[in-house]
Amino acid sequence: MGRLLERSPVVDRLPVSVLSDEEIAAELARVQARRAMDAAYEAELVMALAAARPDADDPPPGHPGARRRGTGSPVPGTSEFLPDELAVVLNCSRVFAAGVLADAHQLVERMPAVWRGCADGELDWFRARVFADVLADASGEVLGVVVPAVLPAAAGLSSGRLRKRLVAAAIAADEEFAERRREQAQRRADVR
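When we follow my numbering, the leftmost residue of the sequence shown carries the number 4, and every step to the right adds one.
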């Protein structure tokens, strides 16, 4: 297994100077599909790391090293230190790493059909993140109605139209969804 990890990343590239306009457009579409596939793979790796970091290993409250305040991991049941560890691995901030974890959890665990669309290169990661953002607090029942209804057309929608369609479908499935979104927006606006 060690040799697999020592490989340099390789990307097949066509010589751009010999491509026609149509071929450039086709190659750009392939690049987008590869990006989606890579993002889905990264999310799968992130969730594998999360699964190996249960919160049972965290120090209990009142003991040295226990969390006193602030947010832990956005992935339920995982160590509060997971975002810190991922930040080191990705060489990014803890806040960014927590966002990566939150998106991975939403898409791999809660919306696997959306994740699969990315893994298959059929849906770009940006639109997948719109699903994760809009439906982050939706119940499993709402996800079970909204995702199959909206996903088939998602790749052809602008992000704004996708967001509107997701919100409308979620409200149709759960009347309280709109109120919860309004309350969350109010809480975010009240942050000082």
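Heads up, the beta-carbon is just placed ideally off N, CA and C, and yes, glycines get one too.
Taking one beta carbon from each stretch, the stretch 136-146 and the stretch 120-128 have fewer than 3 pairs nearer than 8 Å; the two do not touch. Under the three-state reduction of DSSP output, P151 falls in the helix class. Excluding its 5 nearest sequence neighbours in each direction, R38 has C-beta neighbours in its own chain below 8 Å: D127 and W128, listed in chain order. Between F84 and M114, the C-beta gap is not smaller than 8 Å, which leaves the two residues out of contact. For P63, the secondary structure class from DSSP, reduced to helix, strand or coil, is coil.
Beta-bridge pairing by DSSP links P57 to T81. Its Cα nearest to that of V14, the residue R33 stands out among R33, A28, V21 and A192. The DSSP-derived three-state label of P12 is coil.
Comparing C-alpha distances from V78 to each of F180, W118, V111 and M40 shows the shortest one belongs to V111. Within the same chain, Cβ atoms closer than 6 Å to the Cβ of A105 are found at P77, the five residues on either side in sequence being excluded.
In the pairwise beta carbon analysis, the stretch 172-181 is classified as touching the stretch 147-154: at least three pairs are separated by under 8 Å. For T81, the closest alpha carbon among the candidates V103, V92, L52 and V98 is that of L52. Of the other Cβ atoms in all chains shown, 16 or more fall within 10 Å of the Cβ of L165; this residue is therefore buried. In the structure shown, M114 adopts coil according to DSSP, grouped into three states. Secondary structure of D177 (DSSP, three-state): coil. The same chain holds no residue with a CB closer than 6 Å to that of P12 once the five nearest residues on each side in sequence are set aside.
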